[in-house]
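Enquirer: Residue numbers (full-length UniProt numbering), protein chains in the order written: chain G, 1 to 354; chain V, 1 to 354. Yeah, the Cβ is synthetic: ideal placement off N, Cα and C, and Gly gets one too. Below: one structure in structure tokens.
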């Protein structure tokens, strides 16, 4: 995501300052309430570090593209930071739901509190309970803080309701996508490709693309027509982004994926790519290769080869191409600068295809 | 809680209408996203039913006591309803943390989604994953909706920031109390009585007493001095309430407790009452009786008797009395009607002592 869009340094600083203000205020209120309270806020704060601030960058980029007046919109940075808090809350709760206690090789909130509990002499089951509780509560605090930041941001009074309309969908649609993702992983039988595509969209597109882009536009005073176009292109950008992510999880290098190459194959994840392969005549060979993929890197490479030869990979790349073509078509309705921003995002997503 | 405070019928209707509006709006947006999405909103909605609307009642009672102008404050009902949504979100996440899949004998969100998963052919571990995911997400949605409702409520612009100041503490202090509660249950060694008292306060007092009372006062235009008094008496009312709850969990009838009589003894819960007993010379007898309590109703009655004879029960009742005396002393600084409200609450809490 890094290279698709980046903020000028002064914007990064302003967003980070808004985030720091939230986290410092939480820490100051936690300190008098003891070590566990402070550890909870520290773990939540740690979860915000190392992020690329992609969603805040989209808010600011859309604001600038619609020629927003930064001097007249002091609340811009708080609204941008709110999307990072929302993202962090979702990541923490996603890890909890997936029973992951690490993220990118580092203990996450649940992992940190499991270690903390063990150092207090707590046995395994008790440490799991504490770890899970901390993950629930750290996510809750950051989710609440995201909403609070938008509620009290220094913005025009008539912008608050449209911004909350965007956050509403960001929260609800992501939750629905997350639940569908879990169900599709464990319900017997194979989900339809269309269902998998809709889940891929719901998990990411609204909160990572539609809502940040439209929020920047709202703050810049863009009209309702342009905002509606942003919502549509945001949905397609988000879907394309997620499908490229599936390609990376299957075919990407370790460096690109940020985890073992072919990790999705090792975990036998049900992705749109696999679903497309099932629709081809090569499925018997693909299926046998997939069954072996969890056994090691040679089997992973064989599965990658079969997926490629089945034509599923080409079909997914074609689908991504169509989705981005639709983005570009719709973007012609936008003024020059927002259109250039959307083009930059589409090109950035294409450039990540492994 | 029912009889401590109740709203006039028209207020109950107005709060329920505000809640219904939130839940209906969620359901309408979930329907196009499929059966699981609607089931999630239905489960979240079910979690709000049957509640006594105690926290909304406090908001409205404080508003009325400070002579708030209902006609000029259309957002009163949304703010009151927000506290019920916050409470429901906490209850859902509390059940998740405690690994409970029922509440008052009825399947909760996690229980409902476990059944739903099994009916889709999902095996046990998968059903647990789906149930836990649904509980995380339903709580997230309601927590967000609570904040949203206050953010967009039709209230005076200068009331929004003080209201969020109250919600901030309601969320943070409750989260800290919840985490401490889990830690005290599993960390080896016995927590100090003062720690248990502080957790009892943190889990409930701020979000159930201080914040709703002060929110009603903010909306009515009460001055900062009166609001500060409400925060102080709210903290003590909440502590006293929670301590009476411990007495009910230990000595209350099944009807009063809403679960098996002596349930806290069966579950060997670490309560301030037990902690007070440990400080008496009768602890060896109490301890032996407590060790047997999980075995059945006769042993529960023996443990109740030992706790009584140790003097721990009397000490806890005295502590509740002192806490409520402090409430009444502080309440003399309030105008007549708010003072009468606080008196009604104190009397109501005393009246629940089993």
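Kindly list, in the order they appear in chain G, the residues whose Cβ is closer than 7 Å to that of residue 130/V.
Expert: The contacting residues are 182, 183 and 186.
Enquirer: Taking only beta-carbon atoms, is residue 110/G less than 9 Å away from chain V?
Expert: No, residue 110/G does not count as interfacial toward chain V.
Enquirer: Give a yes or no on whether the minimum CB-CB distance between residue 207/G and chain V is below 9 Å.
Expert: No - not a single Cβ of chain V is within 9 Å of the one on residue 207/G.
Enquirer: Residue 106/G by DSSP, collapsed to three states: which one?
Expert: Of the three classes helix, strand and coil, the one that applies to residue 106/G here is strand, per DSSP.
Enquirer: Who are the Cβ neighbours of residue 2/V in its own chain at under 7 Å, not counting the five residues just before and after it?
Expert: Here residue 2/V scores only 47 on pLDDT, less than 50, and its place in the model should not be relied on; the value that follows carries that caveat. Cβ neighbours of residue 2/V beyond the five flanking positions: 52.
Enquirer: Could you check whether residue 252/G and residue 282/G sit closer than 9 Å to each other, using their CB atoms as the reference points?
Expert: No. Outside cutoff.
Enquirer: Taking C-alpha atoms, which residue in 271/V, 240/V, 120/V and 192/V lies nearest to residue 347/V?
Expert: The candidate whose alpha carbon is nearest that of residue 347/V is 240/V.
Enquirer: Which residues of the stretch 91-118 of chain G have a Cβ closer than 8 Å to any Cβ of chain V? Give them in chain order.
Expert: Listed by position, the residues of the stretch 91-118 of chain G near chain V (Cβ gap below 8 Å) are 93, 96, 97, 99 and 117.
Enquirer: Measure from the C-beta of residue 164/V to each C-beta in chain G and report whether the shortest distance is under 9 Å.
Expert: Yes, residue 164/V lies at the interface with chain G (some Cβ there is under 9 Å from its Cβ).
Enquirer: What do you reckon, are the CB atoms on residue 208/V and residue 58/V nearer than 9 Å?
Expert: Cβ atoms of residue 208/V and residue 58/V: closer than 9 Å.
Enquirer: Of all the CB atoms in chain V, is at least one closer than 9 Å to the CB of residue 36/G?
Expert: Closer than 9 Å to some Cβ of chain V, the Cβ of residue 36/G qualifies, so yes.
Enquirer: From the DSSP output, in three-state form, read off residue 215/G for me.
Expert: Residue state, collapsed to three classes: helix.
Enquirer: Output the boundary residues of the alpha helix (DSSP H) element that contains residue 324/G.
Expert: Counting along the chain, the alpha helix (DSSP H) containing residue 324/G begins and ends at 312-331.
Enquirer: Should the stretch 217-224 of chain G be called in touch with the stretch 158-175 of chain G, which here means at least 3 C-beta pairs below 8 Å?
Expert: Segments in contact, yes.
Enquirer: CA-CA distance, residue 95/V and residue 41/V?
Expert: The straight-line gap from Cα to Cα measures roughly 17 Å.
Enquirer: Could you compute how far the alpha carbon of residue 126/V sits from the alpha carbon of residue 319/V?
Expert: Computed Cα separation, rounded: 47 Å.
Enquirer: Since residue 250/G is in the alpha helix (DSSP H), which residue starts that stretch and which ends it?
Expert: First-last of the alpha helix (DSSP H) with residue 250/G: 224-251.
Enquirer: Apart from the five residues just before and just after residue 178/G, which ones in its own chain have a Cβ nearer than 7 Å to its Cβ?
Expert: Correct list, in chain order: 94, 97 and 203.
Enquirer: In chain order, what residues of the same chain have a beta carbon less than 8 Å from the beta carbon of residue 270/V, not counting five sequence neighbours either side?
Expert: 184, 185, 190, 191 and 196.
Enquirer: Would you say residue 325/G lies against chain V (beta-carbon separation less than 9 Å)?
Expert: By this cut-off, residue 325/G is not an interface position.
Enquirer: If you compare alpha carbons, which of 66/V, 8/V and 84/V is closest to residue 20/V?
Expert: Nearest of 66/V, 8/V and 84/V to residue 20/V, Cα basis: 84/V.
Enquirer: Can you check whether the CB of residue 167/V is closer than 9 Å to the CB of residue 175/G?
Expert: Their beta carbons are not under 9 Å apart, which means residue 175/G does not touch residue 167/V by this criterion.
Enquirer: Exposed or buried, residue 322/G, counting other C-beta atoms within 10 Å across all chains shown (16 or more means buried)?
Expert: Classification of residue 322/G: exposed, given that the 10 Å Cβ count is below 16.
Enquirer: What span of residues does the alpha helix (DSSP H) with residue 144/V cover, start to end?
Expert: Unbroken alpha helix (DSSP H) run through residue 144/V: 124-152.
Enquirer: Here's the rule I'm using: 16 or more other beta-carbon atoms within 10 Å means buried, otherwise exposed. How should residue 248/V be labelled?
Expert: So residue 248/V counts as buried.
Enquirer: Using a beta-carbon distance below 9 Å, is residue 2/G in contact with chain V?
Expert: Here residue 2/G scores only 47 on pLDDT, less than 50, and its place in the model should not be relied on; the value that follows carries that caveat. With 9 Å as the cut-off, residue 2/G does not count as an interface residue toward chain V.
Enquirer: Which of helix, strand or coil does DSSP assign to residue 66/G?
Expert: Looking at residue 66/G - three-state DSSP - the assignment turns out to be coil, as it is neither helix nor strand.
Enquirer: Give a yes or no on whether 9 Å exceeds the smallest Cβ distance from residue 173/G to chain V.
Expert: Yes - at least one Cβ of chain V is within 9 Å of the one on residue 173/G.
Enquirer: Could you run through the stretch 218-231 of chain G and flag, in chain order, every residue whose CB is less than 8 Å away from some CB of chain V?
Expert: Residues: none.
Enquirer: Is it right to say residue 121/V is buried, meaning 16 or more other beta carbons lie within 10 angstroms of its own, or is it exposed?
Expert: So residue 121/V counts as exposed.
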